[in-house]
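With the working numbering, the residue at position 52 of the sequence shown is 52, and numbering never jumps.
We put the CB at the ideal spot given by N, CA and C, even for glycine.
Please read the structure below before turning to the comments.
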Amino acid sequence: HGHRTCAPSRYELLSGSYVYRGKEPGGMWYLSPAGSQFRPGQRSIAAAFGDAGYDTIMLGKTGIGGFMEQGKSHSLRDVNRLLRGSQRLGDGPAEWGFKRSLTLVSGHQGMPFAFFRGGELSPRNFSTRCWGASISAFDDGVSVTGVFAGGRYRNALVNGTLVRGGGRAASLCDGSNGELHDGTTDWKSHMVDVEIATEMFGFLRERRAAAFPPPFFALLATAAVHIPHTPPNEFFGYAAAGQPPYAESVKTLTPFAGMLTELDALVGVLLYALRSGNELNQTIIVFTSDNGGLPCKPGSAKALANGAWTAGPGSSSAAPACTDSSGGLRGFKGSIFEGGHRVPLLLSWPAGGVGAGAASSDLVGLVDLYATLLDLV
């Protein structure tokens, strides 16, 4: 079981403590002078593994806040100052004990639309711009920005028609002294997991080139399957979004199903990378989620369309906007019912005696992984 929303679950996994032990009972979600959800003196799972001699890496969404030198909140004006003032993020993965990181503050759904490497904007020779509420078509997929940055950013692409929130999208990045920037010019929401996988492959190659590489702890927080649902056309040779000329069988996938396809491909290529380096049997792999699935019931397609990209090129208008990700359980993401916080938990560790196909009915929470994994190693 996780929490019913993402920020508390991410903190519990990282800290080994319930969210109430952090700064805010509902979790920290954004950049601010208050920093992340960690209280002074609390140590992350990465710091604990580091003390045990492990190399540590975090990739993808952090989602528990962070320190920004100026500003009072995660506002567009503050993000503009961060990006164009070349400020360094504080109280992030580097401070939590990760020796290497390529991360997103709010995932692919919220500003700043930019990767940070060890707290610095990546790449170093970046340029920034205003994305606002935009849907941009590229050769490798469709990128969406602004979905979760507030009601005035909200937009959707429904049956090929762009619907902008309140007619104010054109002025979203306007400030009293000119345009405000919310991301880097190379931002593509549909390529986030490709970037994550590429960085992980590089990390594994560097390990293999070392004479005596230390053991490692890696935390990969993928974009799939969070909204906006923007899968790439292709993920390392696997068709995802169903754009021609890819496989006929995926041409009618909704973007939601495309994200599931992308996630499946991501897991597959990472397992292959570990297997090809003779590391798979010795590696403890945990696959889980931070909260329950999205709702999928009569009317849910309309609800999703009001706040997410739910249809697009290659999608069938007759296909459902989602599937029953909660497996028939009552509730969904954000709900206190079981469907809101019961999540998958898959474990692979052949060398540790974990048999293929074995199942357990024991009650487990994400908060338990910190102590359990450290105890195992």
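| Item | Value |
| --- | --- |
| Check whether the Cβ of residue 331 lies closer than 8 Å to any Cβ atom in chain B. | The chain inventory of the structure shown lacks chain B, comprising one protein chain alone. |
| Shorter than 7 Å, the distance from the beta carbon of residue 144 to the closest heavy atom of the ligand SAM, or not? | As for the ligand SAM, it is missing from this structure, which has no ligand bound. |
| What are the uninterrupted segments assigned as beta strand (DSSP E) that are 3 or more residues long and contained completely in the stretch 193-223, given in chain order? | 216-221 |
| Would you call residue 346 buried or exposed, if buried means 16 or more other Cβ atoms sit within 10 Å of its Cβ? | exposed |
| Just list the alpha helix (DSSP H) runs in the stretch 75-112, keeping only unbroken ones of 4 residues or longer that don't cross its boundaries, in chain order. | 76-84 and 93-96 |
| Taking all protein chains shown into account, do 16 or more other C-beta atoms lie within 10 angstroms of the C-beta of residue 199, making it buried, or fewer, making it exposed? | buried |
| By the DSSP assignment, the beta strand (DSSP E) with residue 347 in it spans what residues? | 345-348 |
| Report the partner residues of residue 31 according to the DSSP bridge assignment. | 66 |
| Going by DSSP, name the residue or residues bridged to residue 137. | 142 |
| If you draw a straight line from the alpha carbon of residue 258 to that of residue 40, how long is it in whole angstroms? | 41 Å |
| Could you work out which residue in 36, 50 and 82 is closest to residue 65 when comparing CA atoms only? | 36 |
| Pull up the distance between the alpha-carbon of residue 104 and that of residue 285, whole angstroms please. | 22 Å |
| What first and last residue would you give for the alpha helix (DSSP H) that runs through residue 236? | That residue, residue 236, is in no alpha helix (DSSP H); it is neither H nor E in DSSP. |
| Under the three-state reduction of DSSP, which class applies to residue 383: helix, strand or coil? | Nothing can be reported for residue 383: it is not among the residues displayed for the chain, which extend from 1 to 377. |
| Can you check DSSP and say which residues form a bridge with residue 122? | 115 |
| On the CB-based measure, 16 or more other CB atoms within 10 Å of its CB, does residue 336 come out buried or exposed? | exposed |
| I need the straight-line Cα distance from residue 248 to residue 266, nearest angstrom please. | With a pLDDT of 46 at residue 248, under the threshold of 50, the modelled position of that residue is not reliable, and the figure given next carries that caveat. Taking the straight line from one Cα to the other gives about 21 Å. |
| Is residue 299 buried or exposed, if buried means 16 or more other CB atoms sit within 10 Å of its CB? | Any reading at residue 299 must be qualified, since the residue scores a pLDDT of 47, below 50, and its modelled position is unreliable; the value itself is stated next. Counting Cβ neighbours within 10 Å, residue 299 comes out exposed, since fewer than 16 surround it. |
| Are residue 15 and residue 97 close, meaning C-beta to C-beta below 8 Å? | no |
| Nearest-angstrom Cα distance between residue 342 and residue 4? | 8 Å |
| Helix or strand or just coil, what does DSSP make of residue 59? | strand |
| Are residue 255 and residue 222 touching if we call contact CB-CB under 8 Å? | no |
| Assuming residue 17 and residue 367 are in contact, meaning their beta carbons sit under 8 Å apart, how far apart are those beta carbons, in whole angstroms? | 7 Å |
| According to DSSP, simplified to helix, strand and coil, what is residue 292? | coil |
| Check each candidate in 209, 236, 218 and 340 and name the one with the smallest Cα separation from residue 55. | 218 |
| Over what stretch of residues does the alpha helix (DSSP H) that includes residue 8 continue unbroken? | 6-15 |
| Any idea what DSSP makes of residue 183, helix, strand or coil? | strand |
| So what's residue 281 in DSSP terms, helix, strand or just coil? | coil |
| Cα separation between residue 192 and residue 212? | 31 Å |
| When the Cα atoms are used, what is the spatial distance from residue 137 to residue 371? | 44 Å |
| Taking the beta carbon of residue 142 as the centre, do at least 16 other beta carbons fall within 10 Å, making it buried, or is it exposed? | buried |
| Below 6 Å CB to CB, which residues in the same chain sit around residue 89 once its five sequence neighbours on both sides are set aside? | 66, 116 and 119 |
| My output table needs one value for residue 254: the three-state DSSP class, helix, strand or coil. | coil |
| Does residue 36 come out as helix, strand or coil in the three-state DSSP assignment? | strand |
| What number of angstroms, rounded off, separates the C-alpha of residue 148 from the C-alpha of residue 132? | Confidence at residue 148 is low in this model, with a pLDDT of 45, below 50, so the placement of that residue should be treated as unreliable; the coordinate-derived value is given next. Cα-Cα distance, rounded: 11 Å. |
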